[in-house]
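See below for the structure under consideration.
Protein chains: 2
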Amino acid sequence: MTKVKEQNTETVILEAAKEVFQHKGMAGARMQEIADKAGINKAMLHYYYRSKDKLFSAVFASAINLMAPKIMKIINTEDHLFAKIENFTYKYIDFISKHSYMPLFIINELNRNPNLLKDAFANKIENNIEQKLVAQIDDLIAKGEIRSINPEQLLLHIISLSVFPVIGKPLLKNILQKDDKSYKQLIKERQTCVAEFVINAIKL
Amino acid sequence: MTKVKEQNTETVILEAAKEVFQHKGMAGARMQEIADKAGINKAMLHYYYRSKDKLFSAVFASAINLMAPKIMKIINTEDHLFAKIENFTYKYIDFISKHSYMPLFIINELNRNPNLLKDAFANKIENNIEQKLVAQIDDLIAKGEIRSINPEQLLLHIISLSVFPVIGKPLLKNILQKDDKSYKQLIKERQTCVAEFVINAIKL
DNA sequence: GTCTATAATTTGATAGAC
DNA sequence: GTCTATCAAATTATAGAC
Chain H
36 MTKVKEQNTE
46 TVILEAAKEV
56 FQHKGMAGAR
66 MQEIADKAGI
76 NKAMLHYYYR
86 SKDKLFSAVF
96 ASAINLMAPK
106 IMKIINTEDH
116 LFAKIENFTY
126 KYIDFISKHS
136 YMPLFIINEL
146 NRNPNLLKDA
156 FANKIENNIE
166 QKLVAQIDDL
176 IAKGEIRSIN
186 PEQLLLHIIS
196 LSVFPVIGKP
206 LLKNILQKDD
216 KSYKQLIKER
226 QTCVAEFVIN
236 AIKL
Chain B
36 MTKVKEQNTE
46 TVILEAAKEV
56 FQHKGMAGAR
66 MQEIADKAGI
76 NKAMLHYYYR
86 SKDKLFSAVF
96 ASAINLMAPK
106 IMKIINTEDH
116 LFAKIENFTY
126 KYIDFISKHS
136 YMPLFIINEL
146 NRNPNLLKDA
156 FANKIENNIE
166 QKLVAQIDDL
176 IAKGEIRSIN
186 PEQLLLHIIS
196 LSVFPVIGKP
206 LLKNILQKDD
216 KSYKQLIKER
226 QTCVAEFVIN
236 AIKL
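Respectively, the protein sequence lines represent chains H and B. Converting from the first sequence to my numbering requires adding 35 to each position, the first position being numbered 1. Converting from the second sequence to my numbering requires adding 35 to each position, the first position being numbered 1.
Printed below as a string of structure tokens:
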């Protein structure tokens with residue numbers, strides 16, 4: 036009635052695994068919980084993915100392949116730097132708000148095992164981001180439109196301002212003494228105020 | 036010869052536990068590994084701390100009680116806002132660089148169990164931070180020294196810029212295509228350039 | 001207080017019927 | 001492909017000697 040067609044079992048498992056792994060991490064995740072969430076039994080997990088490790092790798096790769104293009108698509112445009120910043124912060128904060136566990140999941144698992152990226156994909160992020168953006172920033176500095184700034188630091192600033200308040204929510208909420216609703220409101224405001232802040236900082 | 040005196044067993048255990056829990060998380064930590072690192076056997080862990088849960092709580096409380104005062108001490112001064120910002124970013128980036136696993140550890144475990152803070156301490160962070168700082172910022176806005184800005188957002192900006200590049204290192208290192216040494220150099224630069232960036236953003 | 005040995009439980013993985 | 005039943009290993013926790 037509602038659903039046109041059942042997803043196949045493999046996909047159902049992967050979706051359940053994403054949810055459990057991203058919330059509990061590799062070490063904390065339980066195959067039984069994934070099976071329950073998928074509405075099947077444990078044996079099926081092994082039938083489709085052989086081992087917990089393999090299933091985890093599929094989840095991790097899926098997360099990376101969802102995150103990385105989002106960054107690139109916005110940055111690799113012909114827009115003016117200020118427009119890029121506005122675009123990126125708005126859309127990226129929106130995106131990670133809806134997938135708030137994903138960046139933390141990635142950072143965590145990368146800490147446990149630094150060569151996960153190599154396994155997950157052949158460096159799709161690559162230096163594309165840098166090269167084009169760095170050139171654009173250096174150009175604006177030369178023209179005297181913005182202050183002199185290290186382009187890599189600027190990129191770190193923008194990413195930090197966008198990501199950290201979302202993933203650090205349980206801690207920051209407490210520091211600011213906010214309830215869930217008003218903290219969410221703060222994040223929503225950041226979709227525009229981060230860009231404003233950054234542009235104020237660099238504009239001449 | 037080298038050490039003047041042996042630490043007592045309880046402390047040795049706690050130090051070993053800190054290291055393991057903060058790197059592996061509650062779920063990934065193994066009592067055996069903690070015992071090995073402490074140079075004793077598993078039974079001793081239970082003799083002193085009864086259970087893994089209890090030992091974890093001791094580690095978590097210790098982390099909170101190390102982090103929280105660091106923030107307050109710097110912010111609760113009579114300095115000018117700009118000096119506070121310079122002081123905070125410089126010292127805080129330095130501190131978390133030396134304890135890079137700690138903020139991630141706290142955020143993670145808080146995600147798994149949001150009322151850990153209540154157990155760990157009776158809200159030592161409290162609204163002290165806010166009240167005084169908010170008043171100071173509002174005052175400077177009224178005087179026309181800085182742009183109009185939501186003080187809470189400014190606090191989020193400063194914390195994000197200080198903390199995220201350190202805890203997100205495994206991911207950001209890859210995005211910027213840096214090796215360990217040059218990424219560390221980037222972080223070192225941030226001890227001064229973050230404050231410069233923030234002050235530029237708000238100064239009128 | 002500290003150790004060895006072991007119990008009790010959890011959990012990833014497999015065998016085998018249907 | 002899917003299930004039930006079960007194994008094998010890992011892991012927290014305890015008992016009891018010294």
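The beta carbon of each residue, even a glycine, is placed where N, CA and C say it ideally should be.
Practice item. Within its chain, find whatever has a CB closer than 7 angstroms to the CB of isoleucine 120 (chain B); leave out the 5 residues flanking it on each side and keep chain order. Key: Locating residue 120 (chain B) in the second sequence gives position 85, counting from the first residue. So the list reads Ile193, Ala230, Val233, Ile234, once near-sequence residues are dropped.
Review point. Can you give the Cα-Cα distance for lysine 77 (chain B) and glycine 60 (chain H), rounded to whole angstroms?
Key: Within the second sequence, the letter at position 42 stands for residue 77 (chain B). Within the first sequence, the letter at position 25 stands for residue 60 (chain H). Between lysine 77 (chain B) and glycine 60 (chain H), the C-alpha separation is close to 25 angstroms.
**Study point:** Contact set for proline 200 (chain B): own chain, Cβ-Cβ below 7 angstroms, skip 5 residues either direction
**Key:** As a position in the second sequence, residue 200 (chain B) is number 165, starting the count at 1. Taken in chain order, the residues that qualify are Leu207, Ile222, Arg225.
Point to revise | Buried or exposed (CB count within 10 angstroms, at least 16 for buried), tyrosine 82 (chain H) | key: Against the first sequence, residue 82 (chain H) aligns to sequence position 47. The residue in question, tyrosine 82 (chain H), is exposed, as its Cβ has fewer than 16 Cβ neighbours within 10 Å.
Point to revise | Where isoleucine 184 (chain B) falls: helix, strand or coil (DSSP) | key: The residue given as residue 184 (chain B) occupies position 149 in the second sequence. It is coil, neither helix nor strand.
Check your understanding: Are the C-beta atoms of glycine 63 (chain H) and some chain B residue less than 8 angstroms apart?
Key -> In the first sequence, counting from the first residue as 1, residue 63 (chain H) sits at position 28. Cβ-Cβ to chain B under 8 angstroms: yes for glycine 63 (chain H).
Practice item. For glutamine 220 (chain H), count neighbouring C-beta atoms within 10 Å of its own C-beta (all shown protein chains included) and say buried if the count is 16 or more, exposed if not. Key: Walking along the first sequence from the start, residue 220 (chain H) turns up at place 185. Exposed: under 16 other Cβ atoms inside 10 Å.
Check your understanding: So, does the CB of asparagine 122 (chain H) fall closer than 8 angstroms to a CB anywhere in chain B?
Key -> Within the first sequence, the letter at position 87 stands for residue 122 (chain H). No, its Cβ sits nowhere closer than 8 angstroms to a Cβ of chain B.
Point to revise | Distance, arginine 182 (chain B) Cα to asparagine 148 (chain H) Cα | key: Taking the first sequence and counting its residues from 1, one reaches residue 148 (chain H) at position 113. Taking the second sequence and counting its residues from 1, one reaches residue 182 (chain B) at position 147. When rounded, the separation of the alpha-carbon atoms in asparagine 148 (chain H) and arginine 182 (chain B) is 44 angstroms.
Point to revise | Secondary structure of lysine 126 (chain H), DSSP reduced to three states | key: Here residue 126 (chain H) is taken as the residue at index 91 of the first sequence, counted from 1. Looking at lysine 126 (chain H) - three-state DSSP - the assignment turns out to be helix.
**Study point:** Neighbourhood of valine 94 (chain H) by C-beta distance below 8 angstroms, restricted to the same chain and skipping five residues each side
**Key:** To locate residue 94 (chain H), count along the first sequence from 1; it is residue 59. Leu49, Ala52, Lys53, Phe56, Gln57.
Review point. Taking 7 angstroms as the cut-off, is the CB of isoleucine 237 (chain B) close to at least one heavy atom of the ligand NAP?
Key: By its list of ligands, the structure shown contains no ligand whatsoever, and the ligand NAP lies outside what it can speak to.
**Study point:** Short CB-CB distance (under 8 angstroms) between serine 183 (chain H) and chain B
**Key:** Against the first sequence, residue 183 (chain H) aligns to sequence position 148. No, serine 183 (chain H) lies away from the interface with chain B (no Cβ there is under 8 angstroms from its Cβ).
Exercise for review: Kindly say whether isoleucine 202 (chain B), judged by its beta-carbon, lies nearer than 8 angstroms to any beta-carbon of chain H.
Suggested key: Here residue 202 (chain B) refers to the residue found at position 167 of the second sequence. Judged by the 8 angstroms Cβ criterion, isoleucine 202 (chain B) is in contact with chain H.
**Study point:** Local conformation of lysine 238 (chain H) per DSSP, three classes
**Key:** As a working mapping, residue 238 (chain H) is identified with position 203 in the first sequence. In this structure, lysine 238 (chain H) counts as strand in the three-state DSSP scheme.
**Study point:** Where lysine 204 (chain B) falls, given that 16 or more other Cβ within 10 Å makes a residue buried
**Key:** Locating residue 204 (chain B) in the second sequence gives position 169, where the first residue counts as 1. Result: buried.
Exercise for review: For histidine 134 (chain H), decide whether its Cβ has a neighbour in chain B, counting only Cβ atoms nearer than 8 angstroms.
Suggested key: Along the first sequence, read from residue 1 onward, the residue named residue 134 (chain H) stands at position 99. The C-beta of histidine 134 (chain H) comes no closer than 8 angstroms to any C-beta of chain B.
Point to revise | Outcome for proline 138 (chain H) when other beta-carbon atoms lying within 10 angstroms are tallied against a minimum of 16 | key: The residue given as residue 138 (chain H) occupies position 103 in the first sequence. Counting Cβ neighbours within 10 Å, proline 138 (chain H) comes out buried, since at least 16 surround it.
Review point. Taking the alpha helix (DSSP H) that arginine 147 (chain H) falls in, what are its first and last residues?
Key: Counted from its first residue, the first sequence places residue 147 (chain H) at position 112. If you look at arginine 147 (chain H), you'll find it in the alpha helix (DSSP H) that goes 136 to 147.
Check your understanding: Can you name the residues of chain H whose CB is closer than 9 angstroms to the CB of glutamate 165 (chain B)?
Key -> Reading the second sequence from its first residue, position 130 is the one you call residue 165 (chain B). Ordered by position in chain H, the residues that pass the 9 angstroms Cβ test against glutamate 165 (chain B) are Ile210, Leu211, Gln212.
Review point. Would the beta-carbon of proline 186 (chain H) fall within 8 angstroms of that of isoleucine 172 (chain H)?
Key: Indexing the first sequence from 1 puts residue 186 (chain H) at position 151. Indexing the first sequence from 1 puts residue 172 (chain H) at position 137. Proline 186 (chain H) places its beta carbon less than 8 angstroms from that of isoleucine 172 (chain H).
Point to revise | Nearest-angstrom Cα separation, counted from alanine 236 (chain H) out to tyrosine 127 (chain B) | key: For the purposes of this step, residue 127 (chain B) is taken as the residue at position 92 of the second sequence. For the purposes of this step, residue 236 (chain H) is taken as the residue at position 201 of the first sequence. Taking the straight line from one Cα to the other gives about 21 angstroms.
Review point. Could you give the residue range of the alpha helix (DSSP H) that holds lysine 213 (chain B)?
Key: Locating residue 213 (chain B) in the second sequence gives position 178, counting from the first residue. Segment: none, lysine 213 (chain B) is in no alpha helix (DSSP H) and carries neither H nor E.
Exercise for review: Within the same chain, show all residues whose beta-carbon is closer than 7 angstroms to that of leucine 151 (chain B), passing over the 5 residues directly before and after it, in chain order.
Suggested key: To locate residue 151 (chain B), count along the second sequence from 1; it is residue 116. These residues qualify, in order along the chain: Phe95, Glu144, Leu145.
Check your understanding: Which residues in the same chain have their Cβ closer than 6 angstroms to the Cβ of asparagine 100 (chain B), if we skip the five residues on either side of it in sequence?
Key -> As a first step, residue 100 (chain B) is located in the second sequence; it is residue number 65 there, counting from the start. Nothing meets the Cβ criterion.
**Study point:** C-alpha distance - leucine 90 (chain B) paired with leucine 80 (chain B), whole-angstrom precision
**Key:** The residue you call residue 90 (chain B) lines up with position 55 of the second sequence. The residue you call residue 80 (chain B) lines up with position 45 of the second sequence. Answer to the nearest angstrom: the Cα atoms are 8 angstroms apart.
**Study point:** Pairwise C-alpha distance: leucine 190 (chain B) and isoleucine 106 (chain B)
**Key:** Locating residue 106 (chain B) in the second sequence gives position 71, where the first residue counts as 1. Locating residue 190 (chain B) in the second sequence gives position 155, where the first residue counts as 1. Near 11 angstroms, if we compare the C-alpha coordinates of leucine 190 (chain B) and isoleucine 106 (chain B).
Practice item. Look at the Cβ atom of glycine 63 (chain H), then the Cβ atom of alanine 62 (chain B), and state whether they are nearer than 8 angstroms. Key: Taking the first sequence and counting its residues from 1, one reaches residue 63 (chain H) at position 28. Taking the second sequence and counting its residues from 1, one reaches residue 62 (chain B) at position 27. Yes, the pair counts as a contact, with Cβ atoms nearer than the cut-off.
Review point. So, is alanine 73 (chain B) buried or exposed, given that buried needs 16 or more other C-beta atoms within 10 angstroms?
Key: In the second sequence, counting from the first residue as 1, residue 73 (chain B) sits at position 38. So alanine 73 (chain B) ends up on the buried side.
Review point. For threonine 124 (chain H), which residues of its own chain have a beta-carbon under 6 angstroms away from its beta-carbon, when the five flanking residues on both sides are left out?
Key: Counting from one through the first sequence, the residue named residue 124 (chain H) turns up at place 89. Here the set comprises Ser197, Val229, Ala230.
Point to revise | Where asparagine 43 (chain H) falls, given that 16 or more other Cβ within 10 Å makes a residue buried | key: For the purposes of this step, residue 43 (chain H) is taken as residue 8 along the first sequence, with counting starting at 1. Flag for asparagine 43 (chain H) reads exposed.
Review point. Given lysine 38 (chain B), which residues of its chain have a CB within under 8 angstroms of its CB, disregarding the five upstream and five downstream residues?
Key: To locate residue 38 (chain B), count along the second sequence from 1; it is residue 3. Per-residue confidence for lysine 38 (chain B) stands at a pLDDT of 43, beneath the threshold of 50, marking its modelled position as unreliable; the derived number appears in the next sentence. So the list is empty, once near-sequence residues are dropped.
Review point. To the nearest angstrom, how far is it from the Cα of glutamine 212 (chain B) to the Cα of tyrosine 218 (chain B)?
Key: The residue you call residue 212 (chain B) lines up with position 177 of the second sequence. The residue you call residue 218 (chain B) lines up with position 183 of the second sequence. Put simply, the backbone Cα of glutamine 212 (chain B) is about 9 angstroms away from that of tyrosine 218 (chain B).
Check your understanding: Taking the continuous alpha helix (DSSP H) assigned at serine 97 (chain H), which residues delimit it?
Key -> Translated into the one-based positions of the first sequence, residue 97 (chain H) becomes position 62. It spans 87 to 110 - the alpha helix (DSSP H) in which serine 97 (chain H) sits, taken as one unbroken run.
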